[in-house]
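All remarks here apply to the structure that follows.
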Amino acid sequence: MRKTHLPLLAAIGWFIISIILLTIPGTAFPQEDWLEKIWFDKWVHIGMFAVMVILWCFAWLSLKRDLASSKLRQVFMVMAIIFFGYGIAMEFVQLYFVAHRSFDFGDIVADAVGCAAGMFISTRRYIKK
């Protein structure tokens, strides 16, 4: 396996982990009041989606190293939009297909913040000025 495929495998692995985490039945989560007070769930969504966008941007960069900076910015933005759409879709999956889970607009906002943070970090880290 070529070294350039490792970032792609990491991105795919994280995507699979996110699917698992987002489809775990609600009864599997601890019911602690203090977690709600610190908005733990929202921080998890922000982190999970930021890491996802960063990993996929890095995977794209490792496979397509010859793109111009302006084109990479567009690719990173599209990547963030795609995963934001994935976050919205997973809220509907939770609502209709996962036991004891529900649609939460706050999770969508957290997903958007995570995607934007991932795009910002990727742009700052991977695009040469």
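Read in order, the letters of the sequence shown correspond to residues 455 to 583 in my numbering. C-beta: ideal position from N, C-alpha, C; glycine also. Note that the coordinates shown come from a computational prediction; the quantities given were computed from them, not determined experimentally.
- Restricting attention to I562, R555 and I536, the CA atom closest to the CA of I542 is found in I562.
- Distance between S516 and G467, taken at the CA atoms: about 16 Å.
- The distance from the Cβ of A513 to that of A570 is about 19 Å, inconsistent with a contact at the 8 Å cut-off.
- For H554, the secondary structure class from DSSP, reduced to helix, strand or coil, is coil.
- Ranked by Cα distance from R555, the first of S472, T458, L476 and P461 is L476.
- Where I466 is concerned, the enclosing alpha helix (DSSP H) starts and stops at H459 to L476.
- Annotation: the continuous alpha helix (DSSP H) that includes A570 extends over F559 to Y580.
- Under the three-state reduction of DSSP output, W493 falls in the coil class, being neither helix nor strand.
- Taking C-beta atoms under 8 Å as the contact rule, H499 and A564 qualify, at a distance of about 4 Å.
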